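Visitor: Next up is a structure, given as structure tokens.
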Amino acid sequence: MPERERQREVYILAGARTAVGVLQGSFSDVSAIELGVVAAKGALERSGVDPQLVDQVVMGNVIQSSKDAIYFARHVALKAGLPIDTPALTVNRLCGSGLQAIVSAAQMLLLGEGQIALVGGAENMTQSPHVLRGARAGYKLGQAPQLEDSLWEALIDSYIGCGMAITAENLAEKYDLSREQVDEYALRSQTAARHAQRSGLLAEEIVPVTIKDRKGNPVEITLDEGIRDTSMEALAKLPARFRKGGVVTPGNASGINDAGACVVLATGDAVRQHGFKPLARLVSWGVVGVPPEIMGIGPAPAIRQALKRADLSLGDLDRVEVNEA
0 MPERERQREV YILAGARTAV GVLQGSFSDV SAIELGVVAA KGALERSGVD PQLVDQVVMG
60 NVIQSSKDAI YFARHVALKA GLPIDTPALT VNRLCGSGLQ AIVSAAQMLL LGEGQIALVG
120 GAENMTQSPH VLRGARAGYK LGQAPQLEDS LWEALIDSYI GCGMAITAEN LAEKYDLSRE
180 QVDEYALRSQ TAARHAQRSG LLAEEIVPVT IKDRKGNPVE ITLDEGIRDT SMEALAKLPA
240 RFRKGGVVTP GNASGINDAG ACVVLATGDA VRQHGFKPLA RLVSWGVVGV PPEIMGIGPA
300 PAIRQALKRA DLSLGDLDRV EVNEA
């Protein structure tokens with residue numbers, strides 16, 4: 000392989016994630032930073048990379064839900080044991096922030112700004128605060144403070160005056176998806192996830208998070224909390240919550256979750272120099288904007304762009320994984 004091509008190789012060495020907690024679930028008192036730290040330590044341990052060798056840290060975080068969230072990537076790096084002089088960057092591309100962290104870190108490595116990067120993302124949506132706008136200036140006599148739910152407001156795009164669930168309703172209407180079809184897909188997802196959990200497949204990904212129970216005893220959380228035993232009959236009983244006669248219900252909508260995940264990236268030179276055993280090679284990526292009213296269709300044109308850049312087609316792929324959220 001020519002030297003120029005070798006320099007443009009980026010590999011994924013290893014990855015780790017926490018379990019996915021539900022709204023007000025087991026991770027209610029664990030900040031997004033701490034969830035990121037657990038995932039970061041797990042990924043580093045699995046990769047066999049000495050933390051002292053990490054050149055860059057990039058972490059995705061959307062809802063800054065803790066008081067120290069502005070230091071997100073930096074605090075993850077320091078608490079994971081990385082050198083004080085290792086730079087850290089927090090990125091926000093909404094639902095794609097974790098993936099953007101991988102892209103941004105890969106770009107750094109391809110530009111020669113290091114050989115190894117710790118990359119990932121974390122959220123604690125449960126900890127999203129309620130906000131008193133205008134409190135710093137004070138309130139006039141008779142002026143009632145307005146309490147704002149930052150989580151609820153974050154799920155509404157003010158540019159179009161539209162909530163995220165309505166964007167899903169818009170897509171269902173555009174592509175003529177029935178309530179039954181949507182429920183069938185949700186059931187398929189829950190069934191597959193439940194099988195993966197019970198067979199131990201998901202356990203391979205997860206590193207435990209230690210919390211304290213009500214008595215103060217340490218408890219390790221290792222199971223995703225959003226997986227449900229359900230049926231078409233049970234799903235059909237749930238009402239559409241966002242549009243009369245719509246399709247989005249509590250049984251088929253995306254979850255509101257708390258979790259963290261990380262991977263370790265390395266250049267081809269670093270892989271050869273240190274004898275790492277990579278999981279995969281990063282070949283291409285795509286990022287495309289779509290109308291905000293149908294934001295959930297974004298992966299489709301992004302996939303087309305990534306394939307085009309790699310001179311590939313869907314027929315060249317053996318497996319496709321797309322995050323339903």
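Read in order, the letters of the sequence shown are residues 0 to 324 in numbering that gives the first Met the number 0. All C-beta atoms, glycine included, are put in the ideal place defined by N, C-alpha and C. Keep in mind it's a predicted model, so treat the numbers as computed, not measured.
What beta strand (DSSP E) runs, 3 residues minimum, are completely inside the stretch 145-227?
Guide: You should have 146-148, 208-211, 217-220.
Visitor: Identify, in the order they occur along the chain, each residue of the same chain with its Cβ nearer than 6 Å to the Cβ of Asn169, setting aside the five sequence neighbours on each side.
Guide: Sequence index remark: in the sequence shown, residue 169 carries index 170 (1-based). Around Asn169: Glu292, Ile293.
Visitor: For Gly14, does the three-state DSSP call read helix, strand or coil?
Guide: Locating residue 14 in the sequence shown gives position 15, counting from the first residue. Note: Gly14 maps to strand in three-state DSSP.
Visitor: Would you report the Cα separation of Glu267 and Met107, rounded to the nearest angstrom?
Guide: To locate residue 267, count along the sequence shown from 1; it is residue 268. To locate residue 107, count along the sequence shown from 1; it is residue 108. This sequence places Gly at residue 267; Glu is not what is there. When rounded, the distance between both Cα atoms is 14 Å.
Visitor: Measuring straight from C-alpha to C-alpha, what distance separates Val246 and Tyr70?
Guide: Here residue 246 is taken as the residue at index 247 of the sequence shown, counted from 1. Here residue 70 is taken as the residue at index 71 of the sequence shown, counted from 1. Cα to Cα, Val246 sits roughly 39 Å from Tyr70.
Visitor: If you check the beta carbons only, do Ile62 and Ser157 fall under 8 Å apart?
Guide: To locate residue 62, count along the sequence shown from 1; it is residue 63. To locate residue 157, count along the sequence shown from 1; it is residue 158. It is not a contact, given that the beta carbons lie outside the stated cut-off.
Visitor: Measure the Cβ-Cβ separation of Asp182 and Ala235 and say whether it is below 8 Å.
Guide: Within the sequence shown, numbered from 1, the residue matching residue 182 stands at position 183. Within the sequence shown, numbered from 1, the residue matching residue 235 stands at position 236. Result yes, Cβ atoms of Asp182 and Ala235 sit closer than 8 Å.
Visitor: Suppose you measure from the CA of Leu311 to the CA of Ala305; what does that come to, to the nearest Å?
Guide: Looking up residue 311 in the sequence shown gives position 312. Looking up residue 305 in the sequence shown gives position 306. So the two alpha carbons sit approximately 8 Å from each other.
Visitor: Measuring only the C-alpha atoms, how far is Gly24 from Pro217?
Guide: Numbered from its first residue, the sequence shown carries residue 24 at position 25. Numbered from its first residue, the sequence shown carries residue 217 at position 218. Distance between the alpha carbons of Gly24 and Pro217: 16 Å.
Visitor: To the nearest whole angstrom, what separates the beta carbons of Asn123 and Thr89, a pair I think is in contact under 8 Å?
Guide: For the purposes of this step, residue 123 is taken as residue 124 along the sequence shown, with counting starting at 1. For the purposes of this step, residue 89 is taken as residue 90 along the sequence shown, with counting starting at 1. That belief does not hold up - the Cβ atoms of Asn123 and Thr89 are roughly 14 Å apart, past 8 Å.
Visitor: Skipping 5 residues on each side, what residues in its chain have a beta carbon closer than 8 Å to that of Asp212?
Guide: By one-based count along the sequence shown, residue 212 stands at place 213. Within the same chain, Asp212 has close Cβ partners Val218.
Visitor: Among Glu179, Leu264, Ile165, which residue has its Cα nearest to the Cα of Ser230?
Guide: As a working mapping, residue 230 is identified with position 231 in the sequence shown. Nearest option by C-alpha distance: Glu179.
Visitor: Might you give, ordered along the chain, the residues of its own chain that have their beta carbon closer than 6 Å to the beta carbon of Ile326, omitting 5 neighbours on each side?
Guide: Absent from the structure is residue 326, since the part of the chain shown begins at 0 and ends at 324.
Visitor: Give me, in chain order, the residues of the same chain whose beta-carbon lies closer than 6 Å to that of Ala121; leave out the 5 immediate sequence neighbours on both sides.
Guide: As a first step, residue 121 is located in the sequence shown; it is residue number 122 there, counting from the start. Only Ala31, Leu34, Gly35, Gly259 meet the Cβ criterion.
Visitor: With respect to the beta strand (DSSP E) encompassing Met107, which residues constitute its N-terminal and C-terminal limits?
Guide: As a working mapping, residue 107 is identified with position 108 in the sequence shown. Here Met107 belongs to no beta strand (DSSP E); instead the alpha helix (DSSP H) covers 96-109.
Visitor: Got a sec, what are the start and stop residues for the alpha helix (DSSP H) Leu117 sits in?
Guide: Start at 1 with the first residue of the sequence shown, and residue 117 comes out as number 118. Per DSSP, Leu117 belongs to no alpha helix (DSSP H); it is in the beta strand (DSSP E), 115-123.
Visitor: Identify whether Leu313 lies in helix, strand or coil by the three-state DSSP scheme.
Guide: Within the sequence shown, the letter at position 314 stands for residue 313. Of the three classes helix, strand and coil, the one that applies to Leu313 here is helix, per DSSP.
Visitor: Taking Cβ positions, are Ala116 and Val53 nearer each other than 8 Å?
Guide: If you number the sequence shown from 1, residue 116 lands on position 117. If you number the sequence shown from 1, residue 53 lands on position 54. Taking 8 Å as the Cβ cut-off, Ala116 and Val53 qualify as a contacting pair.
Visitor: Can the beta-carbon of Val208 be found closer than 8 Å to that of Ala13?
Guide: The residue you call residue 208 lines up with position 209 of the sequence shown. The residue you call residue 13 lines up with position 14 of the sequence shown. Contact: no.
Visitor: Taking DSSP as the reference, what is the three-state secondary structure of Asp84?
Guide: The residue given as residue 84 occupies position 85 in the sequence shown. If DSSP states are grouped into helix, strand and coil, Asp84 belongs with coil.
Visitor: Tell whether a beta-carbon distance below 8 Å holds between Gly225 and Val29.
Guide: Position 226 of the sequence shown holds residue 225. Position 30 of the sequence shown holds residue 29. Not in contact: Gly225 and Val29 (Cβ atoms no closer than 8 Å).
Visitor: Val289 and Pro300 look like a contact to me (Cβ under 8 Å); what is the Cβ gap, rounded to whole Å?
Guide: If you number the sequence shown from 1, residue 289 lands on position 290. If you number the sequence shown from 1, residue 300 lands on position 301. Correct: roughly 7 Å between the Cβ atoms.
Visitor: According to DSSP, which residues form a beta bridge with Gln55?
Guide: In the sequence shown, residue 55 corresponds to position 56, counting from 1. Bridge partners of Gln55: Ala116.
Visitor: What residue range does the alpha helix (DSSP H) around Val37 cover?
Guide: Walking along the sequence shown from the start, residue 37 turns up at place 38. Element bounds for Val37: 31-46.
Visitor: Exposed or buried, what is Glu172 when buried is set at 16 or more other beta-carbons lying within 10 Å of its beta-carbon?
Guide: Reading the sequence shown from its first residue, position 173 is the one you call residue 172. Per the 10 Å Cβ criterion, exposed.
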